[in-house]
Amino acid sequence: MTGNFEDGTDQRQTALIVRPKGAGQNILKRLSLEFYKLTWRTPLHNQRLKGKVPLRLLAVPKDPLAGDSARGQALRMGKFHYQGLQQAFDALDYNRLNLSPSLTDYIHRFDWLRDLAAATNRGEGAPVAAHIADAWLRANGMKTREPAWRVDNCAWRLLNMAAGSPFLLSSSDPIYRSRVINHFARVARHLDQSAPRAQSHFAKTLGWAGVVAASLLLPEGKIRRVVGEDGLAVSLRATILPDGGVVSRSPTQLMELIGLLSLLKQCYVAQGEMVPDFLIEVLGRAVPALLGLTHSDGGLGAWQGSAHMTADRIDALVAASEVRARPHRQALDWGYQRVSAGKSVLLLDAGPPPLARQSASGCASTLAFELSHNGQRIIVNCGGAALVGATISAALARGLRTTAAHSTLCLNDTNSTAILPGGQLGKGVAEVGLERRDIDQATRIEASHDGYAKSFGYNHTRLLILRSDGMELRGEDTLLPQAKPKADVMAHVRFHLGPDIEIAPTDQPQTALLRMSDGSNWAFTTSGGILSVDDSLWVDQHGRPHPTQQLVIAADTGKGALHISWQLRHLG
884 MTGNFEDGTD
894 QRQTALIVRP
904 KGAGQNILKR
914 LSLEFYKLTW
924 RTPLHNQRLK
934 GKVPLRLLAV
944 PKDPLAGDSA
954 RGQALRMGKF
964 HYQGLQQAFD
974 ALDYNRLNLS
984 PSLTDYIHRF
994 DWLRDLAAAT
1004 NRGEGAPVAA
1014 HIADAWLRAN
1024 GMKTREPAWR
1034 VDNCAWRLLN
1044 MAAGSPFLLS
1054 SSDPIYRSRV
1064 INHFARVARH
1074 LDQSAPRAQS
1084 HFAKTLGWAG
1094 VVAASLLLPE
1104 GKIRRVVGED
1114 GLAVSLRATI
1124 LPDGGVVSRS
1134 PTQLMELIGL
1144 LSLLKQCYVA
1154 QGEMVPDFLI
1164 EVLGRAVPAL
1174 LGLTHSDGGL
1184 GAWQGSAHMT
1194 ADRIDALVAA
1204 SEVRARPHRQ
1214 ALDWGYQRVS
1224 AGKSVLLLDA
1234 GPPPLARQSA
1244 SGCASTLAFE
1254 LSHNGQRIIV
1264 NCGGAALVGA
1274 TISAALARGL
1284 RTTAAHSTLC
1294 LNDTNSTAIL
1304 PGGQLGKGVA
1314 EVGLERRDID
1324 QATRIEASHD
1334 GYAKSFGYNH
1344 TRLLILRSDG
1354 MELRGEDTLL
1364 PQAKPKADVM
1374 AHVRFHLGPD
1384 IEIAPTDQPQ
1394 TALLRMSDGS
1404 NWAFTTSGGI
1414 LSVDDSLWVD
1424 QHGRPHPTQQ
1434 LVIAADTGKG
1444 ALHISWQLRH
1454 LG
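Quick note: the sequence shown uses the numbering used here, first residue 884, plus one each step.
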């Protein structure tokens, strides 16, 4: 049917340009996004930011993260207290913080605002917050230097200052208040430029999250939000693996990312905006991945530099994310296996180490495992390599990254993956084999790695069988010769024990009796090598090392394959 509309338009010509509803808007939106991205790091963007709208904070996001009241009380008494370090802030030179990296970041990120809010009310805490913030801003507010202006610190500082703004902006001093408000704008502009240039995927993600937060909390944020959300979605795809883990394989980094994204969600809520689907979806994958590394006590195991963490800290973070999920049984991309049997939980590192550029504290921990039962950590890794501070020196942190600091086999006192003098991970494990299946009243996991193939000519294979009632774990560690294996190489299989475990002597040299703090007993038995006891340690979430012991099986490879069988059995 043809004809003319009342205005004379030819109906046939009009039909040629009809598109599906919303298609034209989507095309224009995409073209606008590409234009904004092209001009993002040019003078055009700076001119765009100089609008006529007065600079102000548009909303105050609710902080869903839990603060530490003990650290907050220390702030009331005039001291920063963090991971065993104490520093009076009146005697602190904010121009040059000669402190541990963790305490330095704690100050630069304004994480202390959360702790102050946990320990005091606004009336009592606001003068303390203003005192610290003013001194910091005078020293660092106008000088864009690291680590204060490192992209991750900037992102956290912007979000923490926004959530803590009732404490920061209660002062009647107009000059100080202006200094605080203007710092929001300076940090936002800095993140505009630095987020795309961040060195790691993780840092990019934090930076883009800061850009999105700035777009929601500061005036004239429409364009910034379009570019920021696009950048955040892209960086999350590179940072978060399909199973929810992070490319660094670090539980600590995953916890940080969950915390920051949970706080970012509250920025949308404070503005009455819908939270993007990609943000909800990422948190929905990340939380079960994190829970997959929890023990029978609900706390976190020690993997890739993280420390042993208590259940209350994990529970608080999960509550902040507003995600309800069950722990992952296995995360093939992230590289961790979890077996829950009765009151026991077995965790296994069944993945290659992270790429050096994605992890600053990666560990040579391939095929290490941890075991807990009824809230008691039995076999653990030392942990804590990322918590350099008052009680963890740089030298100790390096030692905590080694293969020997993990409950696995170590050949010739050599790491399965090299740790280079500069701290990066070098050559070693390239491939990890894995087979997991349920057998008669048990779960069987067999995994292998090639970390010793080039240096010694052996592949390490570990077999773990956990009975379905959780009362018995059987294992076998095997060194299989490859091309030109070296003869007579010493192997040590280490089993670092958890806290409050007493080793009782027995009449059998290949058996050790383990007495738990709850009065129960476990028997450890080996049928290969020589069993001995040595000193060890484990690191808690505050970066404090605690002395403990380890069982060590020593054996010589001889001229062929080496098989070491062992068993851990509950006695009652």
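No residue lacks a Cβ here, since even glycine has one placed at the ideal position from N, Cα and C.
Please classify Pro1057 as buried or exposed, where buried requires at least 16 other C-beta atoms within 10 Å of its C-beta.
The residue labelled residue 1057 in the question sits at position 174 within the sequence shown. By the 10 Å Cβ count, Pro1057 comes out exposed.
Nearest neighbour of Ser1061, chosen from Leu1099, Arg1021, Ser1077, Arg1080 [CA to CA]
Counting from 1 along the sequence shown, the entry for residue 1061 is found at position 178. Of the listed residues, the one whose Cα sits closest to Ser1061 is Arg1021.
Can you tell me which residues form a DSSP beta bridge with Tyr965?
In the sequence shown, residue 965 corresponds to position 82, counting from 1. Paired residue(s): Leu968.
With a cut-off of 8 Å, do at least 3 Cβ pairs link the region 1121-1129 to the region 1207-1216?
yes
Reference Met1373, options Leu1294, Ala1016, Pro1030, Gly1402, closest by Cα
As a position in the sequence shown, residue 1373 is number 490, starting the count at 1. Out of Leu1294, Ala1016, Pro1030, Gly1402, Leu1294 has the C-alpha closest to the C-alpha of Met1373.
How many whole angstroms separate the CB atoms of Leu1144 and Ala1092, which I take to be in contact at a CB cut-off of 8 Å?
Sequence index remark: in the sequence shown, residue 1144 carries index 261 (1-based). Sequence index remark: in the sequence shown, residue 1092 carries index 209 (1-based). Indeed they touch by this definition, with Cβ atoms about 7 Å apart.
If you check the beta carbons only, do Thr1286 and Ala1336 fall under 8 Å apart?
Within the sequence shown, the letter at position 403 stands for residue 1286. Within the sequence shown, the letter at position 453 stands for residue 1336. No; because the gap between Cβ atoms is not below 8 Å, this pair is not in contact.
Using the DSSP secondary-structure output, state which residues sit across from Arg1327 in a beta bridge.
Taking the sequence shown and counting its residues from 1, one reaches residue 1327 at position 444. According to DSSP, which records beta bridges pairwise, Arg1327 is partnered with Arg1320, Ile1348.
Between Gln1149 and the rest of its own chain, which residues show a CB-CB distance below 8 Å, the 5 nearest in sequence each way excluded?
For this step, residue 1149 is matched to residue 266 along the sequence shown. Closer than 8 Å at the Cβ level, and outside the excluded window around Gln1149, lie Pro944, Lys945, Asp946, Pro947, Ala1046.
Restricting to runs no shorter than 4 residues, where is the alpha helix (DSSP H) found entirely within the region 1142-1189?
1160-1174
According to DSSP, which residues form a beta bridge with Arg1221?
The residue given as residue 1221 occupies position 338 in the sequence shown. According to DSSP, Arg1221 bridges with Leu1230.
Do you know whose CA, among Leu1317, Gly1114, Leu1230, Ala1224, lies nearest Val1095's CA?
Reading the sequence shown from its first residue, position 212 is the one you call residue 1095. Of Leu1317, Gly1114, Leu1230, Ala1224, the residue nearest in Cα terms is Gly1114.
Residue(s) in a DSSP beta bridge with Trp1449:
For this step, residue 1449 is matched to residue 566 along the sequence shown. For Trp1449, which the question treats as bridged, DSSP gives the partners Gly1358, Thr1409.
Cα-Cα, which of Tyr1341, Arg1196, Thr1003, Phe1161 is closest to Leu1367?
In the sequence shown, residue 1367 corresponds to position 484, counting from 1. It should be pointed out that residue 1367 corresponds to Lys in this sequence rather than to Leu. Nearest C-alpha to Lys1367 among Tyr1341, Arg1196, Thr1003, Phe1161: Tyr1341.
Assuming Ser1290 and His1379 form a contact by the criterion Cβ under 8 Å, report the distance between their Cβ atoms to the nearest whole angstrom.
Taking the sequence shown and counting its residues from 1, one reaches residue 1290 at position 407. Taking the sequence shown and counting its residues from 1, one reaches residue 1379 at position 496. Sure, about 5 Å apart at Cβ, within 8 Å.
Report the residue from Gly1305, Val1206, Gln966 whose alpha carbon sits nearest the alpha carbon of Thr987.
Mapped onto the sequence shown, residue 987 falls at position 104. Taking only the C-alpha atoms, the option nearest Thr987 is Gln966.
Hey, could you find the ends of the alpha helix (DSSP H) Leu1200 is sitting in?
On the sequence shown, position 317 is the one that residue 1200 refers to. Taken as a continuous stretch (DSSP letters only), the alpha helix (DSSP H) holding Leu1200 covers 1194-1204.
Report, in whole angstroms, the separation of the C-beta atoms of Arg1240 and Ser1083, which I expect to be a contact under 8 Å.
Within the sequence shown, numbered from 1, the residue matching residue 1240 stands at position 357. Within the sequence shown, numbered from 1, the residue matching residue 1083 stands at position 200. Yes, Arg1240 and Ser1083 are in contact; Cβ-Cβ is about 6 Å, under 8 Å.
Test item: CB-CB of Leu1279 and Gly1266 under 8 Å
For the purposes of this step, residue 1279 is identified with residue 396 of the sequence shown, where counting begins at 1. For the purposes of this step, residue 1266 is identified with residue 383 of the sequence shown, where counting begins at 1. Not closer than 8 Å, so no.
With a cut-off of 8 Å on the beta carbons, I'd call Ala1185 and Val1263 a contact; round off their distance for me.
As a working mapping, residue 1185 is identified with position 302 in the sequence shown. As a working mapping, residue 1263 is identified with position 380 in the sequence shown. Contact holds; Cβ gap of about 6 Å.
For Ser1415, collect the residues of the same chain with a Cβ closer than 6 Å to its Cβ; drop the 5 residues on either side in sequence, then sort them by chain order.
If you number the sequence shown from 1, residue 1415 lands on position 532. Correct list, in chain order: Val1435.
Between the beta-carbon of Asp1180 and the beta-carbon of Ala1194, is there less than 8 Å?
Residue mapping note: residue 1180 aligns to position 297 of the sequence shown, counting from 1. Residue mapping note: residue 1194 aligns to position 311 of the sequence shown, counting from 1. In this structure, Ala1194 lies closer than 8 Å to Asp1180 by Cβ.
Near Ser1419, what residues of its chain come up, given a Cβ to Cβ distance below 6 Å and the 5 sequence neighbours on each side ignored?
By one-based count along the sequence shown, residue 1419 stands at place 536. Closer than 6 Å at Cβ, skipping near neighbours: His1379, Thr1431, Gln1432, Gln1433.
What do you get for Asn1023, buried or exposed, if any count of 16 or more other CB atoms within 10 angstroms of its CB means buried?
Here residue 1023 is taken as the residue at index 140 of the sequence shown, counted from 1. Looking at its Cβ environment, which holds 16 or more other Cβ atoms inside 10 Å, Asn1023 is buried.
Within the chosen definition, does the region 1189-1204 reach the region 1225-1232 through at least 3 CB pairs nearer than 8 Å?
no
Less than 8 Å separating the beta-carbons of Phe1050 and Arg1107?
On the sequence shown, position 167 is the one that residue 1050 refers to. On the sequence shown, position 224 is the one that residue 1107 refers to. In this structure, Arg1107 does not lie closer than 8 Å to Phe1050 by Cβ.
Please state the DSSP three-state secondary structure of Ile1123.
The residue labelled residue 1123 in the question sits at position 240 within the sequence shown. The answer is strand: DSSP assigns Ile1123 an E or B state.
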